[in-house]
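Residue numbers (the numbering used here): -13 to 405.
Below is the structure:
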């Protein structure tokens, strides 16, 4: 009896929420696109909660973590697709006209937030794609002015935006959007010449479509898993190309690197590359070398004119592929300083040192900017075919299935035309 009453109460609540009377054409599938979009959003929230509970190590290595990451990816693909189609149908059927202008505007705003949410999600995935996308998006944000409030290289900030701020904003907008639809009903034909009958909405059919979509997404996540290409690390660069590592350190030393000379409408990288990439890591390194002479302190005690000459000489030395050595070359203490940092990087401690300089280890801004200065990220992206010039947004690191961020295709077109 109690269960019966509970079911009746649930049905009564659903009747209050759902639209009962609709134009006869509203039971067709292209009028279910808003509901299917909401279904995808629910899947994203549920899979996202599981991913947050498991953490990055779990979703990158555990089979179940990989599966839920794949569900999250395919739900995103479906979510963006159905929102696009939903807005297109609304536009083609003139359903945005008075008194539904606000409903249309809210839908457009939700699409914008969904695209932002998708890109932030890619940045948090934890693979090479995350590194590359965060780097490329940071240039976009700095050029547009958004870089004043969003540091795309700060994973902690992006994490908070992705799992809290944007989802809450979407829930509020979605609720208000549906309230307006519920209050005003399904739009009638744009001309009185088209006669339609009012019928009962087929809720069972609507939910069946939602269930079928859910099953399809779960199956796609099983067959086509979310790709994962290991991120590039400074340790990898130092181990495989110590000359490049030394040359990049030398460019940070003399402030000639891309980070040191960064120029855009907003420059969030105003830190001293010599202090961040040379002085601080070396001081940490030398403390672990008992009895070793602190060559950085030797350099610091030199007259300023001699320091300038030694910086230039060190840059020339490593640019010409000079050998790593812990002894000064021609009395230049910067050669062993840079050599020591290369060895430190080969052990994996250099990148840890950079992360330790930030407020927490989840903010890899210094490390990603350094990797960008080496040019290795560009080379890797080029080899994978995911640069903007290659229309890389339409594919993933490992191919076209799962598809990439195809909704960014206009960016590639603009890059090939007038940008």
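C-beta atoms are modelled at their ideal positions from N, C-alpha and C, and glycine is treated no differently.
Contact check, residue i vs residue j, beta carbons under 8 Å
i: residue 65; j: residue 31; result: no
i: residue 248; j: residue 255; result: yes
i: residue 232; j: residue 285; result: no
i: residue 222; j: residue 267; result: no
i: residue 114; j: residue 52; result: no
i: residue 163; j: residue 96; result: yes
i: residue 116; j: residue 217; result: yes
i: residue 352; j: residue 370; result: no
i: residue 207; j: residue 60; result: yes
i: residue 230; j: residue 360; result: yes
i: residue 25; j: residue 205; result: no
i: residue 187; j: residue 391; result: no
i: residue 250; j: residue 401; result: no
i: residue 192; j: residue 21; result: yes
i: residue 318; j: residue 299; result: yes
i: residue 58; j: residue 34; result: yes
i: residue 185; j: residue 10; result: yes
Under the three-state DSSP convention, the category residue i falls into
i: residue 138; result: coil
i: residue 2; result: helix
i: residue 186; result: strand
i: residue 318; result: strand
i: residue 20; result: helix
i: residue 8; result: strand
i: residue 238; result: helix
i: residue 129; result: helix
i: residue 456; result: As shown, the chain starts at -13 and ends at 405. That puts residue 456 outside it, with no answer to give.
i: residue 181; result: coil
i: residue 168; result: helix
i: residue 283; result: helix
i: residue 270; result: helix
i: residue 219; result: coil
i: residue 256; result: coil
i: residue 244; result: coil
i: residue 369; result: helix
i: residue 310; result: coil
i: residue 79; result: coil
i: residue 356; result: helix
i: residue 291; result: helix
i: residue 210; result: coil
i: residue 299; result: helix
i: residue 277; result: coil
i: residue 13; result: helix
i: residue 342; result: helix
Local Cβ density within 10 Å of residue i, reported as buried at 16 or more and exposed below that
i: residue 292; result: exposed
i: residue 19; result: buried
i: residue 165; result: exposed
i: residue 168; result: exposed
i: residue 49; result: exposed
i: residue 311; result: exposed
i: residue 134; result: exposed
i: residue 197; result: exposed
i: residue 170; result: exposed
i: residue 183; result: exposed
i: residue 228; result: buried
i: residue 313; result: exposed
i: residue 393; result: buried
i: residue 74; result: exposed
i: residue 330; result: buried
i: residue 62; result: buried
i: residue 121; result: buried
i: residue 301; result: buried
i: residue 368; result: exposed
i: residue 93; result: buried
i: residue 320; result: buried
CB contact below 8 Å: residue i versus chain C
i: residue 287; result: The displayed structure is made up of one protein chain only, and chain C is not part of it.
Rounded straight-line distance, which links the Cα of residue j to that of residue i
i: residue 86; j: residue 242; result: 55 Å
i: residue 142; j: residue 349; result: 6 Å
i: residue 123; j: residue 6; result: 44 Å
i: residue 306; j: residue 138; result: 35 Å
i: residue 290; j: residue 403; result: 48 Å
i: residue 90; j: residue 67; result: 17 Å
i: residue 334; j: residue 219; result: 9 Å
i: residue 29; j: residue 203; result: 9 Å
i: residue 326; j: residue 118; result: 28 Å
i: residue 244; j: residue 358; result: 8 Å
i: residue 260; j: residue 240; result: 7 Å
i: residue 253; j: residue 131; result: 10 Å
i: residue 174; j: residue 157; result: 27 Å
i: residue 36; j: residue 42; result: 11 Å
Presumed contact (8 Å Cβ cut-off) between residue i and residue j, rounded CB distance
i: residue 224; j: residue 323; result: Not quite, the Cβ-Cβ distance comes to about 15 Å (not below 8 Å), so this is no contact.
i: residue 418; j: residue 69; result: Within the shown structure, residues of the chain are numbered from -13 to 405, placing residue 418 beyond reach of any answer.
i: residue 389; j: residue 380; result: 7 Å
Closer than 7 Å: residue i CB and nearest the ligand ATP heavy atom
i: residue 310; result: The ligand ATP is absent from the structure shown, which contains no ligand whatsoever.
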